[in-house]
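Asker: Chains as they are written, first to last, in full-length UniProt numbering: chain A, 1 to 406; chain B, 1 to 413. The beta carbon of each residue, even a glycine, is placed where N, CA and C say it ideally should be.
#1: Taking the beta carbon of residue 370 of chain B as the centre, do at least 16 other beta carbons fall within 10 Å, making it buried, or is it exposed?
#2: What number of angstroms, rounded off, separates the C-alpha of residue 276 of chain A from the C-alpha of residue 167 of chain B?
#3: Check whether the Cβ atoms of residue 364 of chain B and residue 293 of chain B sit closer than 8 angstroms, and answer yes or no.
#4: Provide the residue span of the beta strand (DSSP E) that contains residue 345 of chain B, from first to last.
#5: I want to verify the contact list: residues of chain B whose CB lies under 7 angstroms from the CB of residue 262 of chain A, in sequence order.
#6: Please identify the residue among B:247, B:347, B:238 whose C-alpha is closest to the C-alpha of residue 397 of chain B.
#7: Since residue 375 of chain A is in the beta strand (DSSP E), which residue starts that stretch and which ends it?
#8: Counting only Cβ-Cβ distances shorter than 7 angstroms, please list the residues of the region 18-49 of chain B near chain A, keeping chain order.
#9: In chain order, which continuous runs of the alpha helix (DSSP H) of length 4 or greater are located wholly inside the region 294-359 of chain A?
#10: In this structure, does DSSP put residue 368 of chain A in helix, strand or coil?
#11: In the structure shown, what three-state DSSP assignment does residue 102 of chain B receive?
#12: Tell me the DSSP secondary structure of residue 247 of chain B in three-state form.
#13: For a contact defined as C-beta to C-beta under 9 angstroms, what are the partners of residue 312 of chain B on chain A?
#14: Take residue 268 of chain B and list the residues in its own chain whose beta-carbon comes closer than 7 angstroms to its own, dropping the five residues that flank it on each side.
#15: Near residue 312 of chain B, what residues of its chain come up, given a Cβ to Cβ distance below 6 angstroms and the 5 sequence neighbours on each side ignored?
#16: Does any residue of chain A have a CB that is nearer than 8 angstroms to the CB of residue 183 of chain B?
#17: Among residues of its own chain, excluding the 5 on either side of residue 77 of chain A, which ones have a beta-carbon nearer than 6 angstroms to its beta-carbon?
#18: Sorted by chain position, which residues of the same chain lie with C-beta nearer than 6 angstroms to residue 272 of chain B's C-beta, five sequence neighbours on each side aside?
#19: Looking at the structure shown, is residue 275 of chain A part of a helix, part of a strand, or coil, going by DSSP?
#20: Let me make sure I understand the geometry here. Which of A:349, A:132, A:93 has the alpha-carbon closest to that of residue 324 of chain A?
#21: To the nearest angstrom, how far is it from the Cα of residue 175 of chain A to the Cα of residue 71 of chain A?
#22: Label residue 132 of chain A either buried or exposed according to how many other C-beta atoms from any shown protein chain fall within 10 Å of its C-beta, with 16 as the threshold for buried.
#23: Under 7 angstroms Cβ to Cβ from residue 126 of chain B, same chain only, skipping five residues before and after it: list those, please.
#24: Cα separation between residue 326 of chain B and residue 399 of chain B?
#25: Using a Cβ cut-off of 7 angstroms, which residues of the region 360-394 of chain A contact any Cβ in chain B, in chain order?
#26: Run through chain A and tell me which residues come within less than 7 angstroms of residue 281 of chain B, C-beta to C-beta.
#27: Is any beta-carbon of chain A found at less than 8 angstroms from that of residue 90 of chain B?
#28: To which residues does DSSP link residue 336 of chain B through a beta bridge?
#29: Since residue 369 of chain A contacts residue 375 of chain A with CB under 8 angstroms, what's their CB separation in whole angstroms?
#30: Which whole-angstrom value describes the C-beta separation of residue 249 of chain A and residue 266 of chain A, a residue pair presumed to lie in contact below a C-beta threshold of 8 angstroms?
#31: Pull up the distance between the alpha-carbon of residue 85 of chain B and that of residue 14 of chain B, whole angstroms please.
#32: Beta carbon of residue 333 of chain A, beta carbon of residue 387 of chain B: below 8 angstroms?
#33: Report the option in B:287, B:234, B:217, B:270 whose CA atom is closest to the CA atom of residue 256 of chain B.
#34: Could you check where the beta strand (DSSP E) with residue 395 of chain B kicks off and where it finishes?
#35: Cα separation between residue 331 of chain B and residue 384 of chain B?
#36: Buried or exposed for residue 139 of chain A, going by 16 or more other Cβ atoms inside 10 Å?
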């Protein structure tokens, strides 16, 4: 099977020299564990070459590479051993507690945690979940997204970690077939939707959660693209491939954003002809052109009328940017004796008039009422500045047409 | 494969062995180069390959003499590679050549002076070319191509060998360029970063010491990387350097440099002469240049579409797309000039209606809101000097220099 860089976040080849490494996430925070420091320590993943193909071992001149991939046999969402240990250590997430009991779980609700690899040893097949179990696990996890019992940050945190573990199990077993495509697509969707929903959460750790989520979004997308490539049939694109590829473009609209990955010029080189011509890629290429030009009117109206839900979620930041650009430009270039009517501006920016007013104030600009009673923006104000709040989101008029689906 | 008698085969192999060992003993780099250059498909090498395939046991010949057996390992792998190469077994040929190269580099390390640098270049070149061929063979057999990647690792090793204080260090740039070619072909362009860092920051290297040919190639590739990263001033500097110092007789190379330099120059407002495009067969840019000169947005769109695939593959599409604003500027200037002819007193007032009409002639239907938006951008980015009286639906141009030239800087900087 053709596979290139998996680039998956499940860093099975990362070896830590310190035994007793307890850090599970990139960020020390009370997260998916039960808040207890002692955590379940897993044996590391089997050492395996990332880019080898099974054919290689047949090559007489090559050293027999360690090509044996584990086939998982764990039949529940969480390996029995881990569940028992975590119960004992009271290391259960809220979703894993049976009737709220911090030291009791069950096979229906315990889910395997993500674990950074420790010293290289063998992974036991009984700790790894085969594909059908992973599918079931993901289904279960995503069903928690709408849970109203807990604040979104808690839900996100749990699903964030547990889906990372799913990706780890997929990677260990070198699974990259069509069913896996579906799993990755769902996980990307989770990260995209989290990206949007985290913005309306508050708290000190939200910003780092947001950043980490973006990181995993980028990694999951890359893995997904690799699997698309690995399963490529000539001139064929998967049902959703064009849309998921389009997300990359939207993530890289602004070259200085610092999102990981290649520059767009390089990335486009690798797209197949079919993808380049697809509706979704054409759409985002257009948005790219408009964004870079600063064409706020067209960018906003096209996004409002044509973006899919996922595309919209990723674009929220840019929508805000384009609106700020519009206010900045208009304040700068218009005739001082002709203040700009907010009604007009709101139509061009696809916003409610009150929201436009709020946006102007965020930028340090005053608005006032003209003799006819309309709210206007006096121009050539020297007080324009970038708002402090990077994340404040206003409605995009016209986007209501999208049925919110997960 | 030509018929060769055993006796003749024996003679040919022995002759090669002698040549090789003498070349090393007398530090005769140019002979050594010829002996290693598989891809040249030179008659002597091909006839040697035939001989090897007939004789089959060249190793015994090598072992027989002390003179030859000194380089036994190197020669054994080399011969095996050549044999496979001759019969079209390119994956085998690559693998054996890789072993040869490793052994050769070990020897090279031990040689004090840099006499064999040219031969090392040949080895580096050959390994890359062989790897590309091997990958083609793998792909056509439904397997995953990874020999070029392996060649890249070997080249990095060679780089490491040359990155020292001695005279061998001037070879590092050549190997760097081979690495660039490898990474560009593989699409793993981000890997160029580490070797660029070594060249540009390591104290042992003095860029001026490197051979001119290598400097030109280096600037070409790093210039292209700047284009990918949309860093236009840097791209301009590097590609212009490459153009300036490139051998004028190497027309193909000049064309390659221009392919990337032209979009960069266009984006800072410098337009090439038509003769240049013609002389170097760069017709894909003809309509784009025309569109810029005439302010013809429709032509620009058309030109981008016509060569979309080519521009996307070379990575200049996004650069060219950005020229749109400059084309708008040119269009506004034309409208202004036309107005000046008919009504000089009011020429500096561009009605949004009039602009919309001009755009409609170019088959671009825009409502006044969008026209206003475009004008706002042009003014803010200093492509048009003036202000927008939105209530009167007119742009009032500055009396002085209402359409400033870019003067070598990208738009909006």
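Answerer: According to the data block:
#1: So residue 370 of chain B ends up on the buried side.
#2: Rounded to the nearest whole angstrom, the C-alpha separation of residue 276 of chain A and residue 167 of chain B is 49 angstroms.
#3: In this structure, residue 364 of chain B keeps its C-beta atom at 8 angstroms or more from the C-beta atom of residue 293 of chain B.
#4: It is not in any beta strand (DSSP E) - residue 345 of chain B carries neither H nor E in the DSSP assignment.
#5: Simply 190.
#6: Out of B:247, B:347, B:238, B:347 has the C-alpha closest to the C-alpha of residue 397 of chain B.
#7: DSSP places residue 375 of chain A inside the beta strand (DSSP E), whose first and last residues are 375-377.
#8: Those residues of the region 18-49 of chain B that come within reach of chain A (Cβ to Cβ, closer than 7 angstroms) do not exist; the list is empty.
#9: Runs of the alpha helix (DSSP H) spanning 4 or more residues and lying entirely within the region 294-359 of chain A occur at 296-306, 309-333, 342-348, in chain order.
#10: Three-state result, residue 368 of chain A: strand.
#11: Note: residue 102 of chain B maps to helix in three-state DSSP.
#12: Three-state DSSP puts residue 247 of chain B in coil, outside helix and strand.
#13: Simply 265, 268, 269, 271, 276.
#14: Only 232, 236, 406, 408, 409, 410 meet the Cβ criterion.
#15: Closer than 6 angstroms at the Cβ level, and outside the excluded window around residue 312 of chain B, lies no residue.
#16: Not closer than 8 angstroms to any Cβ of chain A, the Cβ of residue 183 of chain B fails to qualify, so no.
#17: Cβ neighbours of residue 77 of chain A beyond the five flanking positions: 111, 137.
#18: These residues qualify, in order along the chain: 262.
#19: Three-state result, residue 275 of chain A: helix.
#20: Looking only at A:349, A:132, A:93, the smallest Cα-Cα distance to residue 324 of chain A is reached by A:349.
#21: In a straight line, the C-alpha of residue 175 of chain A is about 10 angstroms away from that of residue 71 of chain A.
#22: With fewer than 16 Cβ atoms within 10 Å of its Cβ, residue 132 of chain A is classed as exposed.
#23: Hits under 7 angstroms: 36, 37, 38, 39, 97.
#24: If I take the Cα positions, the gap works out to 20 angstroms.
#25: Of all residues in the region 360-394 of chain A, none has a Cβ within less than 7 angstroms of some Cβ in chain B.
#26: Against chain A, a Cβ distance below 7 angstroms from residue 281 of chain B picks out nothing, because the smallest value is about 22 angstroms.
#27: It does not: the Cβ of residue 90 of chain B has no partner Cβ on chain A nearer than 8 angstroms.
#28: Under the DSSP definition of a beta bridge, residue 336 of chain B lacks any partner.
#29: Going by Cβ atoms, the distance from residue 369 of chain A to residue 375 of chain A rounds to 6 angstroms, so yes, they are a contact pair.
#30: No, residue 249 of chain A and residue 266 of chain A are not in contact; Cβ-Cβ is about 13 angstroms, not under 8 angstroms.
#31: Roughly 20 angstroms separates the two Cα atoms.
#32: Yes, they are a contact pair.
#33: Per the C-alpha coordinates, the member of B:287, B:234, B:217, B:270 positioned closest to residue 256 of chain B is B:217.
#34: Counting along the chain, the beta strand (DSSP E) containing residue 395 of chain B begins and ends at 394-397.
#35: As the crow flies, the alpha-carbon of residue 331 of chain B is around 11 angstroms from that of residue 384 of chain B.
#36: Exposed: under 16 other Cβ atoms inside 10 Å.
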